[in-house]
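Structure first, then comments.
There are 2 protein chains.
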Amino acid sequence: MDEPSALAAFAALSQETRLRIVRTLVRAGPDGMPAGALGEAIGGATSSRLSFHLTHLEQAGLVISRRDGRFIIYAAVLPALSGLIAFLMRDCCQGHPDICAPAVAALACSCEPEKDDANA
Amino acid sequence: MDEPSALAAFAALSQETRLRIVRTLVRAGPDGMPAGALGEAIGGATSSRLSFHLTHLEQAGLVISRRDGRFIIYAAVLPALSGLIAFLMRDCCQGHPDICAPAVAALACSCEPEKDDANA
DNA sequence: TCAACGGCTCAATAGATGTTGAGATAACAG
DNA sequence: CTGTTATCTCAACATCTATTGAGCCGTTGA
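As given, the protein sequences belong to chains A and B, one line each in that order. Count the first sequence with the numbering used here and you get residues 75 to 194, in order. Count the second sequence with the numbering used here and you get residues 75 to 194, in order.
Structure, rendered in structure tokens:
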């Protein structure tokens, strides 16, 4: 993750429609979901607007697309998201992990939606 | 962390000068550094430009300021940064940690300044 | 082949954003 | 009190960005 990539990613995430798209795709998991369903999930997005934002997100490397019949399936790119924050937090504590430990711990919790379901 | 806050934070980070400010402050640690030194560290920022961006970052909750004599010291707000990615990754694996484990692991490594940073 | 459907592309418009330069404010030293 | 340093404020301008609506492309099934 270099500076231009990070800038592009943050810019992509700084827009309401795009942020909702990414969050919806994160929840959708690795299988992703088609553009149309995405539009319904986030609400009030015309075909053209949705396409514009999806293209923007794909160019920023935050989502990927694949065609399945007449649908186009989009999915979130999790490594891009984590790489983003890694870029931001790099050298955050200069060898003093106690400084940033709370921050890192908060991140790990985002994987556990309250239910302590075991591994898979 | 709610959606409007996250949008403001991502917008704040989507600008080259501001991203550099935040990263410089993250490296500077909890003690922060004065605006002038910050300007020299990131290069080519006039007083007015720097102030504009610092105000923007402070309103987004990513940095805080305090006056020390005739200096104004700025420092990064680490919880805001981690809260940001937690908001983004929430429910990322729906109870299947193996999906997002690599992403989370990448974040934890950002505390170790072992790898050489080739930022642009 | 055709029509229906899902999604994309394009150009124009309106709104948001960053930069600049001059000036103002606050604190310190003499 | 005066000058200097450090930083902020303000208004104008140039630039970038999002939205809209019309139209196009590819896939499917009869």
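Positions of the beta carbon are idealized from the N, C-alpha and C atoms, including for glycine.
Hey, His127 of chain A and Thr98 of chain A: beta-carbon distance below 8 angstroms or not? Thr98 of chain A is positioned such that its CB atom lies no closer than 8 angstroms to that of His127 of chain A.
In chain order, which continuous runs of the beta strand (DSSP E) of length 3 or greater are located wholly inside the region 112-151 of chain B? 137-142, 145-150
Cβ-Cβ distance between Ala85 of chain A and Leu136 of chain A below 8 angstroms: It is not a contact, given that the beta carbons lie outside the stated cut-off.
So, Leu158 of chain B versus Ala80 of chain B, is the Cβ gap smaller than 8 angstroms? yes
Name the two residues that bound the continuous alpha helix (DSSP H) containing Ser203 of chain B. Here chain B has residues from 75 to 194 only, and residue 203 of chain B is not among them.
Three-state secondary structure (DSSP) of Pro171 of chain B: helix
Please look up how many angstroms separate the CB atoms of Met75 of chain A and Leu155 of chain B, rounded, as I've assumed it's under 8 angstroms. Their Cβ separation, rounded to whole angstroms, is 15 angstroms, which puts Met75 of chain A and Leu155 of chain B out of contact at 8 angstroms.
Buried or exposed by the 16-neighbour rule on C-beta atoms within 10 Å, applied to Lys189 of chain A: For Lys189 of chain A, the predicted model reports a pLDDT of 42, less than 50, meaning its position is unreliable and no value from the coordinates is stated.
Looking at the structure shown, is Pro18 of chain B part of a helix, part of a strand, or coil, going by DSSP? Examination of residue 18 of chain B is not possible in this model, given that chain B is present from 75 through 194 alone.
Under 8 angstroms between C-beta atoms, does Leu97 of chain A make it to chain B? Residue identity differs from the one stated: residue 97 of chain A is Arg in this sequence, not Leu. By the rule that beta-carbons nearer than 8 angstroms mark a contact, Arg97 of chain A touches chain B.
Run of the alpha helix (DSSP H) containing Arg101 of chain B, from where it starts to where it stops: Arg101 of chain B: member of the alpha helix (DSSP H) spanning 90-102, first to last residue.
Residues near Arg94 of chain A in its chain [Cβ-Cβ closer than 7 angstroms; skip 5 each side]: Ile116
Whole-angstrom distance between Ser121 of chain B and Ala60 of chain A, CA atom to CA atom: Because chain A here runs from 75 to 194, residue 60 of chain A falls outside it and cannot be looked at.
Going by the beta-carbon positions, is the gap between Pro104 of chain B and Ile147 of chain B smaller than 8 angstroms? no
Within chain B, the residues that Ala177 of chain A reaches when beta carbons sit closer than 7 angstroms: Simply Leu152, Pro153, Leu155, Ser156.
Under the rule that 16 or more other beta-carbon atoms within 10 Å means buried, what is Asp142 of chain B, buried or exposed? Burial call: exposed.
So what's Glu188 of chain B in DSSP terms, helix, strand or just coil? Summary for Glu188 of chain B: the model assigns pLDDT 47, below 50, so the residue's position carries little reliability, and this model does not support an answer.
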